[in-house]
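Structure record follows, encoded as C-alpha coordinates.
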Amino acid sequence: MLVILKGLLIGFGFIAPIGMQNVFMFNNALSNRFTKAVFVAAMIWIADASFALSAFWGFGALIMSANWLKITIMLVGGALVIWIGITIIKTAYQVKIGSPDKTLSFSKAILTAFLVVWGNPQAIIDGALMLGAFRSTLSINDAFLFIFGVILASALWFFSITIIVNILRHKISNKILITVNFISGMVVVVYGVYIFVHGLQQLI
0 MLVILKGLLI
10 GFGFIAPIGM
20 QNVFMFNNAL
30 SNRFTKAVFV
40 AAMIWIADAS
50 FALSAFWGFG
60 ALIMSANWLK
70 ITIMLVGGAL
80 VIWIGITIIK
90 TAYQVKIGSP
100 DKTLSFSKAI
110 LTAFLVVWGN
120 PQAIIDGALM
130 LGAFRSTLSI
140 NDAFLFIFGV
150 ILASALWFFS
160 ITIIVNILRH
170 KISNKILITV
180 NFISGMVVVV
190 YGVYIFVHGL
200 QQLI
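Heads up, the sequence shown is in numbering that gives the first Met the number 0, so the first residue is 0 and it goes up one at a time.
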(Lines of atoms letter the chains of each structure in order from A and count residues from 1; the text may use other names and numbers.)
(Lines give C-alpha, C1' and ligand atoms only; values in the text may rest on other atoms or scores of the structure.)
Protein backbone atom coordinates (compact mmCIF):
# COMPACT_ATOMS: atom_id res chain seq x y z
CA MET A 1 0.00 0.00 0.00
CA LEU A 2 2.86 2.38 0.77
CA VAL A 3 4.32 1.84 -2.70
CA ILE A 4 0.92 2.42 -4.34
CA LEU A 5 0.45 5.57 -2.24
CA LYS A 6 3.88 6.79 -3.35
CA GLY A 7 2.85 6.21 -6.96
CA LEU A 8 -0.41 8.10 -6.35
CA LEU A 9 1.42 11.11 -4.90
CA ILE A 10 3.98 11.18 -7.71
CA GLY A 11 1.19 10.74 -10.25
CA PHE A 12 -0.79 13.68 -8.90
CA GLY A 13 2.36 15.78 -8.66
CA PHE A 14 3.18 15.10 -12.29
CA ILE A 15 -0.36 15.57 -13.70
CA ALA A 16 -1.76 18.43 -11.62
CA PRO A 17 0.38 21.35 -12.94
CA ILE A 18 -1.34 23.20 -15.77
CA GLY A 19 -0.13 21.72 -19.02
CA MET A 20 -1.55 21.11 -22.47
CA GLN A 21 -3.50 18.03 -21.43
CA ASN A 22 -5.12 19.93 -18.56
CA VAL A 23 -5.99 22.88 -20.82
CA PHE A 24 -7.60 20.42 -23.23
CA MET A 25 -9.37 18.62 -20.37
CA PHE A 26 -10.89 21.83 -18.95
CA ASN A 27 -11.99 23.05 -22.38
CA ASN A 28 -13.52 19.65 -23.08
CA ALA A 29 -15.40 19.60 -19.76
CA LEU A 30 -16.73 23.13 -20.30
CA SER A 31 -17.67 22.74 -23.96
CA ASN A 32 -19.26 19.30 -24.30
CA ARG A 33 -22.19 17.37 -22.94
CA PHE A 34 -21.55 14.87 -20.16
CA THR A 35 -21.19 11.68 -22.20
CA LYS A 36 -18.83 13.22 -24.76
CA ALA A 37 -16.82 15.01 -22.05
CA VAL A 38 -16.30 11.72 -20.19
CA PHE A 39 -15.37 9.93 -23.43
CA VAL A 40 -12.72 12.56 -24.23
CA ALA A 41 -11.45 12.38 -20.63
CA ALA A 42 -11.07 8.61 -21.09
CA MET A 43 -9.00 9.21 -24.23
CA ILE A 44 -6.76 11.68 -22.38
CA TRP A 45 -6.32 9.15 -19.57
CA ILE A 46 -5.44 6.33 -21.99
CA ALA A 47 -2.88 8.58 -23.69
CA ASP A 48 -1.43 9.66 -20.34
CA ALA A 49 -1.34 6.10 -19.00
CA SER A 50 0.40 4.82 -22.13
CA PHE A 51 2.97 7.61 -21.79
CA ALA A 52 3.56 6.83 -18.09
CA LEU A 53 4.02 3.12 -18.83
CA SER A 54 6.42 3.80 -21.70
CA ALA A 55 8.42 6.35 -19.69
CA PHE A 56 8.55 4.12 -16.61
CA TRP A 57 9.82 1.10 -18.51
CA GLY A 58 12.73 2.88 -20.05
CA PHE A 59 12.38 5.12 -23.09
CA GLY A 60 13.76 8.03 -21.01
CA ALA A 61 17.18 6.38 -21.06
CA LEU A 62 16.94 6.06 -24.84
CA ILE A 63 16.18 9.78 -25.22
CA MET A 64 19.08 10.88 -23.04
CA SER A 65 21.51 8.50 -24.74
CA ALA A 66 21.02 10.17 -28.13
CA ASN A 67 21.32 13.97 -28.20
CA TRP A 68 20.03 14.14 -31.79
CA LEU A 69 16.81 12.41 -30.66
CA LYS A 70 16.34 14.89 -27.81
CA ILE A 71 16.83 17.85 -30.18
CA THR A 72 14.45 16.32 -32.75
CA ILE A 73 11.77 15.87 -30.09
CA MET A 74 12.14 19.51 -29.03
CA LEU A 75 11.98 20.88 -32.60
CA VAL A 76 9.13 18.71 -33.87
CA GLY A 77 7.30 18.83 -30.53
CA GLY A 78 7.74 22.60 -30.24
CA ALA A 79 6.23 23.12 -33.69
CA LEU A 80 3.38 20.78 -32.78
CA VAL A 81 2.70 22.67 -29.53
CA ILE A 82 2.56 25.96 -31.46
CA TRP A 83 0.05 24.42 -33.89
CA ILE A 84 -2.12 23.16 -31.01
CA GLY A 85 -2.07 26.63 -29.39
CA ILE A 86 -3.07 28.34 -32.63
CA THR A 87 -5.91 25.83 -33.05
CA ILE A 88 -7.19 26.61 -29.54
CA ILE A 89 -7.16 30.35 -30.32
CA LYS A 90 -8.87 29.90 -33.71
CA THR A 91 -11.71 27.84 -32.22
CA ALA A 92 -12.09 29.90 -29.02
CA TYR A 93 -15.03 31.91 -30.34
CA GLN A 94 -16.79 28.86 -31.83
CA VAL A 95 -17.50 27.19 -28.48
CA LYS A 96 -20.59 27.93 -26.42
CA ILE A 97 -21.56 26.83 -22.93
CA GLY A 98 -24.27 24.15 -22.96
CA SER A 99 -23.88 23.18 -26.61
CA PRO A 100 -21.58 20.47 -27.92
CA ASP A 101 -18.31 21.49 -29.52
CA LYS A 102 -19.09 20.51 -33.12
CA THR A 103 -15.51 21.26 -34.18
CA LEU A 104 -14.32 18.30 -32.08
CA SER A 105 -15.44 15.00 -33.61
CA PHE A 106 -14.80 11.74 -31.76
CA SER A 107 -11.91 10.83 -34.08
CA LYS A 108 -10.40 14.30 -33.68
CA ALA A 109 -10.86 14.06 -29.90
CA ILE A 110 -8.86 10.82 -29.82
CA LEU A 111 -6.10 12.29 -32.00
CA THR A 112 -5.93 15.52 -29.99
CA ALA A 113 -5.84 13.62 -26.69
CA PHE A 114 -2.73 11.75 -27.81
CA LEU A 115 -1.18 14.87 -29.35
CA VAL A 116 -1.47 16.95 -26.15
CA VAL A 117 0.16 14.15 -24.14
CA TRP A 118 2.71 12.67 -26.54
CA GLY A 119 3.30 15.94 -28.45
CA ASN A 120 4.66 17.84 -25.44
CA PRO A 121 8.46 17.55 -25.71
CA GLN A 122 9.18 18.98 -22.26
CA ALA A 123 6.81 16.47 -20.65
CA ILE A 124 8.37 13.64 -22.66
CA ILE A 125 11.87 14.53 -21.52
CA ASP A 126 11.08 15.49 -17.90
CA GLY A 127 8.49 12.76 -17.39
CA ALA A 128 10.65 10.06 -18.90
CA LEU A 129 13.58 11.05 -16.70
CA MET A 130 11.50 11.28 -13.52
CA LEU A 131 9.61 8.02 -13.94
CA GLY A 132 12.71 6.28 -15.24
CA ALA A 133 14.63 7.40 -12.17
CA PHE A 134 11.97 5.99 -9.84
CA ARG A 135 11.96 2.71 -11.78
CA SER A 136 15.67 2.26 -11.10
CA THR A 137 15.09 2.37 -7.33
CA LEU A 138 12.31 -0.25 -7.19
CA SER A 139 12.19 -4.02 -7.21
CA ILE A 140 10.11 -5.77 -9.89
CA ASN A 141 7.12 -6.28 -7.58
CA ASP A 142 7.26 -2.73 -6.22
CA ALA A 143 7.64 -1.36 -9.74
CA PHE A 144 4.25 -2.79 -10.78
CA LEU A 145 2.59 -1.40 -7.65
CA PHE A 146 4.20 2.02 -8.13
CA ILE A 147 3.16 2.44 -11.76
CA PHE A 148 -0.34 1.21 -10.83
CA GLY A 149 -0.51 4.08 -8.34
CA VAL A 150 0.64 6.58 -11.00
CA ILE A 151 -1.98 5.38 -13.49
CA LEU A 152 -4.68 5.38 -10.79
CA ALA A 153 -3.81 8.99 -9.94
CA SER A 154 -4.15 9.87 -13.62
CA ALA A 155 -7.61 8.27 -13.81
CA LEU A 156 -8.82 9.94 -10.61
CA TRP A 157 -7.56 13.35 -11.77
CA PHE A 158 -8.94 13.39 -15.31
CA PHE A 159 -12.32 11.82 -14.56
CA SER A 160 -13.07 13.68 -11.32
CA ILE A 161 -12.09 17.11 -12.67
CA THR A 162 -13.97 16.51 -15.92
CA ILE A 163 -17.16 15.44 -14.12
CA ILE A 164 -17.05 18.30 -11.58
CA VAL A 165 -16.31 21.01 -14.16
CA ASN A 166 -18.91 19.61 -16.60
CA ILE A 167 -21.63 19.60 -13.93
CA LEU A 168 -20.80 23.18 -12.91
CA ARG A 169 -20.23 24.54 -16.43
CA HIS A 170 -23.66 26.24 -16.61
CA LYS A 171 -22.57 28.57 -13.81
CA ILE A 172 -19.83 29.93 -16.08
CA SER A 173 -20.64 32.57 -18.67
CA ASN A 174 -19.78 32.09 -22.32
CA LYS A 175 -17.56 35.18 -22.19
CA ILE A 176 -15.44 33.57 -19.48
CA LEU A 177 -15.11 30.38 -21.54
CA ILE A 178 -13.97 32.34 -24.60
CA THR A 179 -11.44 34.25 -22.48
CA VAL A 180 -10.11 31.03 -20.92
CA ASN A 181 -9.75 29.43 -24.35
CA PHE A 182 -7.98 32.46 -25.79
CA ILE A 183 -5.55 32.81 -22.87
CA SER A 184 -4.92 29.06 -22.86
CA GLY A 185 -4.10 29.15 -26.56
CA MET A 186 -1.71 32.07 -26.12
CA VAL A 187 0.08 30.32 -23.24
CA VAL A 188 0.44 27.12 -25.28
CA VAL A 189 1.82 29.06 -28.29
CA VAL A 190 4.40 30.89 -26.15
CA TYR A 191 5.37 27.59 -24.54
CA GLY A 192 5.78 25.98 -27.96
CA VAL A 193 7.94 28.86 -29.22
CA TYR A 194 10.14 28.58 -26.11
CA ILE A 195 10.66 24.84 -26.65
CA PHE A 196 11.35 25.24 -30.39
CA VAL A 197 13.88 28.05 -29.81
CA HIS A 198 15.56 26.01 -27.08
CA GLY A 199 15.85 23.11 -29.52
CA LEU A 200 17.38 25.40 -32.16
CA GLN A 201 19.92 26.68 -29.64
CA GLN A 202 20.99 23.13 -28.81
CA LEU A 203 21.20 22.28 -32.51
CA ILE A 204 23.41 25.31 -33.21
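Glycine residues also receive a C-beta, built at the ideal position from the N, C-alpha and C atoms.
#1: Secondary structure at G191, three-state DSSP: helix, strand or coil?
#2: Since Q20 and I45 should fall inside the 8 Å C-beta cutoff, what is the C-beta to C-beta distance between them, to a whole number of angstroms?
#3: Do you know how far the Cα of L4 is from the Cα of F145?
#4: In the structure shown, what three-state DSSP assignment does N119 receive?
#5: With three or more C-beta pairs closer than 8 Å as the rule, is the stretch 8-15 touching the stretch 103-120?
#6: Check whether the Cβ atoms of N66 and N180 sit closer than 8 Å, and answer yes or no.
#7: Decide if I203 is buried, meaning its Cβ has at least 16 other Cβ atoms within 10 Å, or exposed.
#8: Taking only the alpha-carbon atoms, compute the straight-line gap between I83 and I162 and give it to the nearest angstrom.
#9: Per DSSP, what kind of secondary structure is M0 in: helix, strand or coil?
#10: Would you check if there are 3 or more beta carbon pairs closer than 8 Å linking the stretch 156-176 to the stretch 71-81?
#11: In this structure, how does DSSP classify I171 when only helix, strand and coil are distinguished?
#12: For A154 and H197, what's the separation of their Cα atoms in angstroms?
#13: I need the straight-line Cα distance from A122 to K174, nearest angstrom please.
#14: Give the C-beta separation of G6 and F147 to the nearest angstrom, bearing in mind that I take them to be a contact with Cβ-Cβ under 8 Å.
Let's see:
#1: The count along the sequence shown starts at 1 and reaches residue 191 at position 192. Residue state, collapsed to three classes: helix.
#2: Here residue 20 is taken as the residue at index 21 of the sequence shown, counted from 1. Here residue 45 is taken as the residue at index 46 of the sequence shown, counted from 1. Between I45 and Q20 the Cβ distance is about 12 Å, and since that is not below 8 Å, they are no contact.
#3: Here residue 145 is taken as the residue at index 146 of the sequence shown, counted from 1. Here residue 4 is taken as the residue at index 5 of the sequence shown, counted from 1. Those two C-alpha atoms are separated by around 8 Å.
#4: Residue 119 sits at position 120 when you count from the first residue of the sequence shown. The three-state reading of DSSP puts N119 in coil, since its state is none of H, G, I, E or B.
#5: The stretch 103-120, when compared against the stretch 8-15, does not touch it at the 8 Å Cβ threshold.
#6: By 1-based counting over the sequence shown, the position of residue 66 is 67. By 1-based counting over the sequence shown, the position of residue 180 is 181. No. Outside cutoff.
#7: Residue mapping note: residue 203 aligns to position 204 of the sequence shown, counting from 1. Label assigned to I203: exposed.
#8: Within the sequence shown, the letter at position 84 stands for residue 83. Within the sequence shown, the letter at position 163 stands for residue 162. Cα to Cα, the separation comes out at about 24 Å.
#9: The sequence position of residue 0 within the sequence shown is 1, counting from 1. In the three-state DSSP reduction, M0 falls in the coil class, being neither helix nor strand.
#10: Contact fails: fewer than three Cβ-Cβ distances are below 8 Å.
#11: Taking the sequence shown and counting its residues from 1, one reaches residue 171 at position 172. In the structure shown, the three-state DSSP call for I171 is coil.
#12: Locating residue 154 in the sequence shown gives position 155, where the first residue counts as 1. Locating residue 197 in the sequence shown gives position 198, where the first residue counts as 1. Computed Cα separation, rounded: 32 Å.
#13: Sequence index remark: in the sequence shown, residue 122 carries index 123 (1-based). Sequence index remark: in the sequence shown, residue 174 carries index 175 (1-based). Going from the Cα of A122 to the Cα of K174 covers about 31 Å.
#14: As a position in the sequence shown, residue 6 is number 7, starting the count at 1. As a position in the sequence shown, residue 147 is number 148, starting the count at 1. Their Cβ separation, rounded to whole angstroms, is 6 Å, which keeps G6 and F147 in contact under 8 Å.
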